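In my numbering, the protein residues as written are 1 to 264.
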């Protein structure tokens, strides 16, 4: 289970969640997206408009509805989603100081973790809101690791420090096993020197945690959500689609290596 998180907006977080999930499904994995952003952009980007969302993750967190009851199929084989809606925006106030409020999502995900059937979800991607609030904390408390999309611009680096601090806090108090799964460089433009400088700085700091695959700035990636489609469906041959397929292969390779190391 991976949280796709960055508190800075506009870094390609939801775009990465949607298209990475689509690419994983295309590789034969069974994937579930949990849309934990009140804006519901991941739901919209997978072709599920607000009026079609018969239930949402809000009911899972606030009404303890079984998570599997809220899963919706998408138009893509092997890819499902638990949608979000605007009700999520008030959850911090509604939960107040309720006991266990940081573990609501972790409790809801237990049936998925316990599932050993051949039809189980092999990847769960949690699309976090662009802020470090209770929803993001719930996601990190429930996850095995955090995947960080990072836009190749100067201010993105400043926000990364705050995110790392939050991950450390969650690891120290809520989820000691939480890891940084990797950093994905997004909106990379090789024509701009700053993109290369940011990439070099991030790689020097995080080393092998940074994916070799970079997601280029690509107009087809930007257009796809307005059609309710992942870019891999909108235009498979474009540079953005090919980059997400490459990223999915790299992620699967990393996860298999990590599993093998744990088993050894």
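Ideal placement from N, C-alpha and C gives every residue a C-beta, glycine not left out.
Please read these numbers as outputs of a predicted model, since none were measured by experiment.
Quick one: what's got a C-beta closer than 6 Å to residue i's C-beta in the same chain, skipping five residues either side?
| i | result |
| --- | --- |
| residue 124 | 1 and 32 |
| residue 160 | none |
| residue 65 | 59 |
| residue 122 | 29 and 30 |
May I ask you to list the residues that DSSP assigns as paired with residue i?
| i | result |
| --- | --- |
| residue 182 | 147 |
| residue 210 | 183 |
| residue 34 | 82 and 126 |
| residue 72 | 81 |
| residue 2 | 125 and 145 |
| residue 66 | DSSP output for residue 66 lists no bridge partner at all. |
| residue 216 | 188 |
Just to confirm the assignment, what range does the alpha helix (DSSP H) spanning residue i have?
| i | result |
| --- | --- |
| residue 192 | Note, residue 192: premise wrong, no alpha helix (DSSP H); not H, not E. |
| residue 105 | 104–114 |
| residue 224 | Careful: residue 224 lies outside any alpha helix (DSSP H) and carries neither H nor E. |
| residue 168 | 154–173 |
| residue 17 | 13–26 |
| residue 48 | Segment: none, residue 48 is in no alpha helix (DSSP H) and carries neither H nor E. |
| residue 94 | 91–95 |
In terms of alpha-carbon separation, which member of the options lies closest to residue i?
| i | options | result |
| --- | --- | --- |
| residue 207 | 30, 221 and 181 | 181 |
| residue 223 | 240, 50 and 212 | 240 |
| residue 229 | 205, 47, 26 and 264 | 47 |
| residue 73 | 250, 52 and 187 | 52 |
| residue 69 | 231, 109 and 252 | 109 |
| residue 100 | 61, 200, 209 and 38 | 61 |
| residue 81 | 42, 190 and 191 | 42 |
| residue 203 | 185, 246, 218 and 170 | 185 |
| residue 236 | 227, 226 and 221 | 221 |
Excluding sequence positions up to five away, which residues of its chain have a Cβ less than 7 Å from the Cβ of residue i?
| i | result |
| --- | --- |
| residue 7 | 130, 131, 132, 159, 162 and 163 |
| residue 92 | 133 and 134 |
| residue 89 | 38 |
Could you give the distance in angstroms between the alpha-carbon of residue i and the alpha-carbon of residue j?
| i | j | result |
| --- | --- | --- |
| residue 215 | residue 13 | 12 Å |
| residue 9 | residue 260 | 35 Å |
| residue 139 | residue 21 | 17 Å |
| residue 142 | residue 106 | 4 Å |
| residue 195 | residue 104 | 39 Å |
| residue 198 | residue 153 | 6 Å |
| residue 26 | residue 234 | 14 Å |
| residue 79 | residue 44 | 14 Å |
| residue 102 | residue 111 | 18 Å |
Can you name the start and end residues of the beta strand (DSSP E) that residue i belongs to?
| i | result |
| --- | --- |
| residue 252 | Taken as a continuous stretch (DSSP letters only), residue 252 belongs to no beta strand (DSSP E), being part of the alpha helix (DSSP H) at 239–263. |
Quick one: what's got a C-beta closer than 8 Å to residue i's C-beta in the same chain, skipping five residues either side?
| i | result |
| --- | --- |
| residue 136 | 3, 5, 7, 36, 128, 129 and 166 |
| residue 250 | 211, 212 and 213 |
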